[in-house]
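Top to bottom, those sequences are chains A and B.
Residue numbering for the first sequence follows this note's numbering, beginning at 26 and increasing consecutively.
Residue numbering for the second sequence follows this note's numbering, beginning at 37 and increasing consecutively.
In this text, a Cβ means the ideal position worked out from N, Cα and C, and glycines have one as well.
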Amino acid sequence: MERIDLVGDWRRVSPRYAWAELWTAAIWGVIVAAAIVVLLGLIIRLDWWIAWLAGGGVLVLMLLSGLFGFLRVRTIGFLMRDDDLLVRRGMLFRRFVSVPYGRMQVVDITQGPVERMLDLRTLKFVTAAATSAVTIPGLPGSDAEVLRDELVAVAESRRAGL
Amino acid sequence: MTDPILPPPGRQPAAASMAPPAEQPPAAAQERARTLVDGEWHRLHPATPLLRGGLAVIVAGAILVNSLRDRVVALFLPADYDYDGESTDALEAAERLASNGTLIWVLLGLVGVLALCVLGFWLAWRVHTFRVTGDVVEVRQGILFRSHRRAPLARIQGVNVEKRWFARIFGACKLEIQSAGADANVELAYLSNDLADALRYEILARSSGRSAQQHQQQTGSRTQRVVDDFLRPDAELDGVDRGSLVRLKPGTVVASSLLDLGLVLGVLLAVAAVVAMIAFDIPWLLFTLIPTVLSVVSITVRTLSQKLRYSIAQTPDGIRLAYGLLSTTTEVLPPGRVFSITVTQPLLWRPMGWWKVSFTRATKTTDASSGQQRQYANVLLPVGDRADVDTVIGLVLPQLRGTRALHDGLVGRGVADADAVAQDGATAATSHDGFVTTPRSARLLRPLSWRRNGVAIGDAAVLLRKGRIWRSLGIVPLARTQSFAMHQGPLEGALGVAHLAVHVVGNAFSPAIGALAVEDAQRVFAHAREVVPAAIGADTTETWHVRAEEAGEPVAPAAPSMHVEAAAPGTVGGSASASTDGMEQHDVTPDEQRGEPRP
């Protein structure tokens, strides 16, 4: 087993982000489970125990994947170097992306209801390529705004075309 | 005029040696074009409504009236009239109408409808105006649904002159100014031919920030009439540097089209179907065969007609692509507007040594009427041999032309020679030709091509080499890279490999290379992080004529030259090295100045 890795002074995201993932998974799990129970029990009219079993199974799977967030959140990190922003994420499926600052088109900051509850924000660095997909979730407090202003300032000094 | 395709040699002996004033429009048209770009609103070619579909509306209306004539006539007949659509003659009906006095009203109505149509077209033409100011081009149109589009000239991705065969009869053509993004083009349809050429020249001059001095050098005189346009559509190529011009030989085009694997399989299938039809006596098979054959033939003929007059050449304003037999399109891609290149070799072309070069651009157009051409326009070279490929890639990336890396990328098998592998087969993980390839331990993932499958980062571009049987080479200019990634899934982790992807504009799928050893992937990734930002910082293609000028004032006052000044730290000023001859003005990376050895 040989995994890719880059050593460096990685800035990690807030561990609270794992709770955000768990809550999101739980909420979606309940919604999907309820939909399955209604579908199987009321519309297809299977036995109720089958419906409850299927719904419960889905909920448990979603919660399990949410629990994995506690491991996953520790793999999310970013690194601002002189010329590029480096973002890593993923435990089993690892992904390292390097974006030169001059490639910034837009920086988005988003906050869903669960994230608002936990005072977290997600920062998205948008380039002209659709496949870049550079997101840094779980930035606590005003970190996201600070990081955004930092990125915009650096990008402004290195502006480039497409 | 004796040879319609090839211009007589020595017609412009001076032009070939000095800075080639390639896209010289006629002087008179150039004067008119200057008046067109004075920042005032101007109207388009008077035949525009007709060409833009007015004729189609009239024809459709006529067909509709013709087919519904009986019904229309019946509308005006008295209800008690026993109308039999089958046998009634139009004249008889008209007599009947005349007898009760309705005919005059019907005729008046027809005239009124026609007058309304003409008035509508005329109004549409009146309000359809455009203007070119120092830094933007604007188009206003529409009567009920007004639209006003404004595009900054500094953001131009390409300028297209499309001459449909129908429009060519009127000596008109469509000028399309392409910007990055989906349906972000500004269309000036229709303009007269020479005016469009001159206007394109002016627009490119403004977007490139060409100086007034350079501007003065490029004057010429040529009369271009409709007949001339039909006979000699590539007359403008006279002034183009012969070394950068690639044309396709008709024989090659026809042979390469016939050697399409799909076509060959289709023909074999059709033969098998005919044999089955005769042998098993099932005549209805013929009915399934005929439509297929018809569509295949029509597609082949259409692509053939585009390829047959294909040419690509270097001009001071960028790469000039021209194609089409009856409906021609001439396109100018300014430097730095090619985001990635793919060179492929279909299996059946391999014995002939032919290649195809395609590219991605930032413009996405979902034009329903010309979707075919849009798709086709992503090809730099439909078919060509190694020398042609070399020339065409040299147009986009001059640093790559004739290099060992390009040669190895196209035909290299990953090792310098077969003996070398036999000797140190165990340590053949990194190959001998500068490409980082799949390690021996992971050859299960690329059973045939593991020696070839690899990546190399050159001075100007990333080369992604793939395929032993279906050879392909992806080339991404370093200065056009948006971002790049290194991935590894659990299975790849178990095998000790990873894959790399380069993210570019206009590609739904990123050029990527898989099955690289972990340490190799990390090394390449780290190397890319050094060279890509440097290349981006040194890139000056935004205003490609500015960098050649130290003192000269740009024509367009608002042409942004900040990109030149705002080079990233650590880059060697790219503006100093650019030559003034107007030919070698492409991505200038710092590496180019070190003087790379070219075998």
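Nearest-angstrom Cα separation, counted from residue j out to residue i
i	j	result
LEU549 of chain B	ARG106 of chain A	Per the sequence presented here, residue 549 of chain B reads as Ile, with Leu not at that position. Between ILE549 of chain B and ARG106 of chain A, the C-alpha separation is close to 25 Å.
LEU357 of chain B	ARG437 of chain B	19 Å
ARG386 of chain B	SER546 of chain B	26 Å
GLY54 of chain A	VAL98 of chain A	20 Å
PRO626 of chain B	THR576 of chain B	Residue placement at PRO626 of chain B cannot be trusted, given a pLDDT of 37 that sits under 50; what the coordinates show is reported in the next sentence. The straight-line gap from Cα to Cα measures roughly 12 Å.
PRO327 of chain B	GLY450 of chain B	46 Å
ALA185 of chain A	ALA154 of chain A	14 Å
HIS535 of chain B	THR474 of chain B	10 Å
MET142 of chain A	GLN136 of chain A	10 Å
LYS210 of chain B	LYS285 of chain B	28 Å
GLU46 of chain A	GLY91 of chain A	6 Å
ARG70 of chain B	ILE179 of chain B	28 Å
ALA562 of chain B	VAL122 of chain A	11 Å
ALA158 of chain A	ASP133 of chain A	12 Å
LEU321 of chain B	VAL300 of chain B	20 Å
ARG397 of chain B	PHE323 of chain B	41 Å
PRO40 of chain A	LEU499 of chain B	40 Å
SER363 of chain B	ALA570 of chain B	43 Å
Candidates the options, of which the one nearest residue i by Cα
i	options	result
GLY448 of chain B	B:LEU481, B:VAL428, B:ARG487, B:ALA423	B:ARG487
ARG28 of chain A	B:THR576, B:VAL568, B:VAL533, B:ALA564	B:VAL533
VAL568 of chain B	B:ALA496, B:ALA553, B:ASN543	B:ALA496
LEU65 of chain A	A:ILE75, A:GLU181, A:VAL57	A:ILE75
VAL541 of chain B	B:GLN558, B:ALA562, B:PRO513, B:LEU531	B:PRO513
VAL333 of chain B	B:ILE314, B:VAL303, B:ILE239	B:VAL303
GLN524 of chain B	B:GLY573, B:LEU143, B:ALA553, B:VAL311	B:ALA553
PRO87 of chain B	B:ASP426, B:VAL337, B:GLY279, B:GLU198	Per the sequence shown, residue 87 of chain B should be read as Leu rather than Pro. Out of B:ASP426, B:VAL337, B:GLY279, B:GLU198, B:GLU198 has the C-alpha closest to the C-alpha of LEU87 of chain B.
ASP219 of chain B	B:ARG79, B:VAL498, B:THR399, B:GLY529	B:THR399
GLY389 of chain B	B:ARG422, B:GLY372, B:SER376	B:ARG422
ALA574 of chain B	B:GLU555, B:GLU174, B:ARG516	B:ARG516
PRO483 of chain B	B:GLY470, B:ALA530, B:ALA551	B:ALA551
PHE150 of chain A	A:VAL112, A:PHE118, A:ARG36	A:VAL112
ALA308 of chain B	B:SER331, B:LEU325, B:ARG559, B:HIS539	B:LEU325
Neighbourhood of residue i by C-beta, 7 Å cutoff - its chain only, sequence neighbours within 5 removed
i	result
GLU586 of chain B	Note that GLU586 of chain B scores a pLDDT of 39, beneath 50, so its modelled location is shaky and nothing firm can be said.
PHE95 of chain A	ALA43
PHE206 of chain B	ALA83, LEU87
ALA557 of chain B	MET522, ALA534, LEU536
MET26 of chain A	none
Residue-level contact to chain B via CB, residue i, 7 Å cutoff
i	result
LEU34 of chain A	According to the sequence provided, residue 34 of chain A is Asp. The question's Leu does not apply to it. With 7 Å as the cut-off, ASP34 of chain A does not count as an interface residue toward chain B.
ALA185 of chain A	yes
PRO125 of chain A	yes
ARG173 of chain A	no
MET129 of chain A	no
ARG99 of chain A	no
ALA50 of chain A	no
ARG114 of chain A	no
MET87 of chain A	no
THR156 of chain A	yes
GLY160 of chain A	The sequence as given places Thr at residue 160 of chain A; Gly does not occur at that position. No, THR160 of chain A lies away from the interface with chain B (no Cβ there is under 7 Å from its Cβ).
PHE121 of chain A	yes
CB contact below 7 Å: residue i versus chain A
i	result
PHE157 of chain B	no
SER331 of chain B	no
GLU601 of chain B	Legend: pLDDT at GLU601 of chain B = 33, less than 50; position of this residue unreliable, value from coordinates given subsequently. Judged by the 7 Å Cβ criterion, GLU601 of chain B is not in contact with chain A.
PRO370 of chain B	no
ILE572 of chain B	yes
PHE520 of chain B	yes
GLY532 of chain B	yes
HIS539 of chain B	yes
ARG565 of chain B	yes
Own chain residues within Cβ distance below 6 Å of residue i, not counting five before or after
i	result
ILE355 of chain B	LEU369, LEU431
HIS81 of chain B	ALA208, TYR226, LEU227, SER228
ALA58 of chain A	GLY80, VAL83, LEU84
GLY494 of chain B	ALA441
GLU212 of chain B	ASN196, ASN221, GLU223
Own chain partners of residue i with C-beta closer than 8 Å, once the 5 adjacent residues on each side are dropped
i	result
ASP34 of chain A	LEU104
GLY75 of chain B	ARG167, VAL168, THR169, GLY170
VAL428 of chain B	VAL282, ILE348, VAL393, LEU416, LEU417, GLY420
ASP174 of chain A	none
Check: residue i C-beta below 6 Å from any heavy atom of the ligand NAP
i	result
VAL303 of chain B	This structure simply doesn't include the ligand NAP, nor any ligand for that matter.
> Residue ranges of each beta strand (DSSP E) run of no fewer than 3 residues wholly in the stretch 139–182 of chain B, ordered along the chain?
Replying inline: Segments of the beta strand (DSSP E) lying fully in the stretch 139–182 of chain B: 165–168, 172–177.
>> Runs of 3 residues minimum, wholly inside the stretch 463–539 of chain B: which ones carry the beta strand (DSSP E) assignment?
In response: Secondary structure remark: continuous beta strand (DSSP E) runs of at least 3 residues inside the stretch 463–539 of chain B, in chain order: 490–493, 497–502, 508–513, 519–524, 533–539.
> Whole alpha helix (DSSP H) runs in the stretch 340–422 of chain B with 4 or more residues, listed along the chain?
Replying inline: Runs found: 407–412.
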